[in-house]
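> So for the sequence shown, the numbering used here puts the first residue at 1178; every next one is plus one.
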Amino acid sequence: MTPPPPLGTLLAQLRTARGWSQQRLAAQLCAAAGVPTLTRHEISRWERHLRLPGEFWLAWLATVLGVPAGLLADAAAHGRHPGPPPGARVGSRPRAALLAVARRWLADPGGGLFAAPTAGQLPAQVGDGTPAGQPPAQLLDRAPGLAELRRWDDLAGGADLAPLGAYRLRGAVRRLSGAGPAGRRRLLPVLAESAQLAGWLAADAGDPAGGLAAYRLGLRAAAAAGDRALAGHVLGSASHLLAGAGDPAGALLLARTGYAGARRAASPGLRALLLHRVALAAALGGRRRAAGAALDAARRVTVAPEPDREPPWLYWLDAAELAAMTGRTLVALDRAGAGVPLLRTARRAARPRAAAVYGAWLARGHLQLGELEAACAVAGAALLDAVRAGSPRAVGELAEVRRRLAGRADDPAVRRHDALAAAARPWLPRRAPMAGRPGPGGRRADPPRPIRRPRDAAGAPATG
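(1) Using the Cβ count rule (16 or more neighbours within 10 Å means buried), how would you classify Pro1603?
(2) Could you tell me whether the stretch 1535-1547 touches the stretch 1503-1522, using the rule of 3 or more Cβ pairs below 8 Å?
(3) Cα separation between Val1508 and Arg1362?
(4) Just to confirm the assignment, what range does the alpha helix (DSSP H) spanning Pro1569 have?
(5) Please tell me whether Ala1208 and Leu1235 are closer than 8 Å, where the distance is taken between their beta carbons.
(6) Counting along the chain, where does the alpha helix (DSSP H) carrying Val1517 start and finish?
(7) So Gly1516 and Arg1454 are in contact, right, with Cβ under 8 Å, and what is the actual spacing, rounded?
(8) Are the stretch 1185-1205 and the stretch 1565-1575 touching, with three or more C-beta to C-beta distances below 8 Å?
(9) When you compare only the Cα positions, how much space is there between Arg1505 and Gly1243?
(10) Do Arg1393 and Pro1271 come within 8 Å of each other at the CB atom, strictly closer than that value?
(11) Can you tell me whether Arg1328 is helix, strand or coil according to DSSP?
(12) In angstroms with no decimal places, state the Cα-to-Cα distance between Met1502 and Gly1185.
(13) Cβ of Leu1430 within 7 Å of any heavy atom in the ligand PLP?
(14) Tell me whether the beta-carbon of Ala1533 lies closer than 8 Å to the beta-carbon of Ala1563.
(15) Touching or not, the stretch 1351-1365 and the stretch 1329-1341, by the rule of three or more beta carbon pairs under 8 Å?
(16) Once DSSP output is grouped into helix, strand and coil, what is the label at Arg1454?
(17) Which term fits Glu1370, buried or exposed, when burial requires 16 or more other beta carbons within 10 angstroms of its beta carbon?
(18) Can you list, in chain order, the residues of its chain whose CB lies under 7 Å from that of Arg1626, leaving out five sequence neighbours each side?
Shown next as structure tokens:
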């Protein structure tokens, strides 16, 4: 049997057969997926065999180019060399560096292998090149403390807050570098917390490489401080990032490493959280037995976290959040009948970003149950929540729902949802360009203008 041509060659043939430029193919993919982050440069990399699109873009390429998904999948499999999974190609160097530090930490969770990070060791992704460049002046006028910035994250998304997270992280590194021995011992946990939050915000802003780099710094700082619980939380957060980026194998490895190294020092809520990270990554990777075992273990650990037994940085974890995590994993396991009620209840009380993310999973659950109209209604409401929140991550979750709806365009509910998505597209939060990094032709990208959404009428950042 003649093997299929390499994927890049096949894509170029299909594109030119339609008379499309690389720019037009990128625009068609962005319009179909509702994720306005793909450029002609990425199309060029695919066609020149420099990168392979992941499962997400393979599915949309099949839809836009009008070919069977299996044809593109076979071409991708034929051209793929052994190595990291497709999802790992996003931020592959920061991913590999984080995994290496995680292995060292698991061998010595007490931190004997680690020296305190210094300003000269600040990763480039969270140094001069940060999502959205310098924070807007009106935010710097009253730059929040670490605890306040966590509360801001409850209300606004990474599109607005990632620059502040990176700004705070750079300040924590500078303070640590100028401190004496006693000051360094006191500041190391602050640096670890700052890095964890900066990584979370960068991931929510659509910058996985910057998020992974911040998490690596946070893990090193927590290890140097001897704080196993915080180190486990950093790895759990990084696992969540990789799970959303289409790398369940890497996500599972990080989640299991975090749980193994932190479980003796972790509070009940943190143990439950890390077990949920394991469960989701295993479910997304098709490891049903491992996912079920992790869910059962999480239920045994705690039903509802007790605030006085949890660290301050885990204040947000409650029974509703744990229920939503369970529902999401059940949907990933194709057990929507059990997962949908949990997600529906959790979404009612959630703030905009969480409501958008839960809504995306709830819509997927309704699709599994054959409830197309309910899925479209939930996805439409979640789309508006994503606009309010300013979270590119939430937009990405909803793009998966739109992909699953793509073959049902003749249904009235799907047509209404498509019309809503088209109207909302100008207001969707976009992944911020990386200021300070080389742009096309080796130039440095200019800092982007602040993202404006309907609630930004006074020029202040939207808070959902």
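Note that beta-carbon positions come from the ideal geometry of N, C-alpha and C, so glycine has one too. Predicted, not measured: the structure shown is a model, and the values here were computed from it.
In short, the structure shows the following:
(1) exposed
(2) yes
(3) If you draw a straight line from the Cα of Val1508 to the Cα of Arg1362, it is about 43 Å long.
(4) Pro1569 to Leu1582
(5) no
(6) Looking at the DSSP string, the run of the alpha helix (DSSP H) that includes Val1517 is Ala1513 to Arg1525.
(7) At roughly 17 Å, the Cβ-Cβ gap does not stay under 8 Å, so Gly1516 and Arg1454 are not in contact.
(8) no
(9) 31 Å
(10) yes
(11) helix
(12) 37 Å
(13) Among the components of this structure there are no ligands whatsoever, and the ligand PLP is therefore not found.
(14) yes
(15) no
(16) The three-state reading of DSSP puts Arg1454 in helix, counting H, G and I together.
(17) buried
(18) Residue placement at Arg1626 is flagged as unreliable, the pLDDT there being 36, under the threshold of 50; the coordinate-derived value follows with that caveat. Within the same chain, Arg1626 has no close Cβ partners at all.
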